[in-house]
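In the numbering used here, the protein residues as written are 76 to 231.
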């Protein structure tokens, strides 16, 4: 069961990072960004990509030929080019961890993690949540540090 949540959390965090990047470049808050801004975002997130392939994808996602993509189209393009090498994955997970470590203490309280897990699957019982938290919080500290978070997200 925990592995399914790893996938759900990974997707949720990836979408959160992509939403934040998209919002930063959607300065007029119209729900669309220029294709060149997509290229700029990918330059910061992806080490190597094929420019011609990106051009083809941008053109295919720009169905209205207006030079802009909505968030869903942006996600389809970005996901296509995101490669998971270890260094990059760790960097992305650190950024995701910081989203939940709001006070910068170096840990996420298990109470916050419980809320996240419950929001991802409203059918979880309190016992199931306790079991999952116990599996994630390996040192039973009541907090999840980055190493525990990394293990949860990567399944290691």
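The beta-carbon is built from N, C-alpha and C at its ideal position, and this holds for glycine as well.
Since we're looking at a predicted model, the values are computed, not measured.
Would you mind stating whether residue i and residue j have Cβ atoms separated by less than 9 angstroms?
i	j	result
residue 121	residue 157	yes
residue 93	residue 146	yes
residue 140	residue 116	no
residue 148	residue 134	no
residue 190	residue 142	no
residue 129	residue 114	yes
residue 193	residue 204	yes
residue 219	residue 188	yes
Using DSSP with H/G/I as helix, E/B as strand and the rest coil, what is residue i?
i	result
residue 214	coil
residue 220	strand
Handout entry: Ranges of the alpha helix (DSSP H) found wholly within the stretch 77-149, counting only runs of at least 4
Key = Entirely contained in the stretch 77-149, the alpha helix (DSSP H) runs reaching 4 residues are, in chain order, 77-100, 110-120, 126-136.
Problem - Three CB pairs or more closer than 8 angstroms across the stretch 212-223 and the stretch 182-189 - result: With the rule of 3 Cβ pairs closer than 8 angstroms, the stretch 212-223 counts as touching the stretch 182-189.
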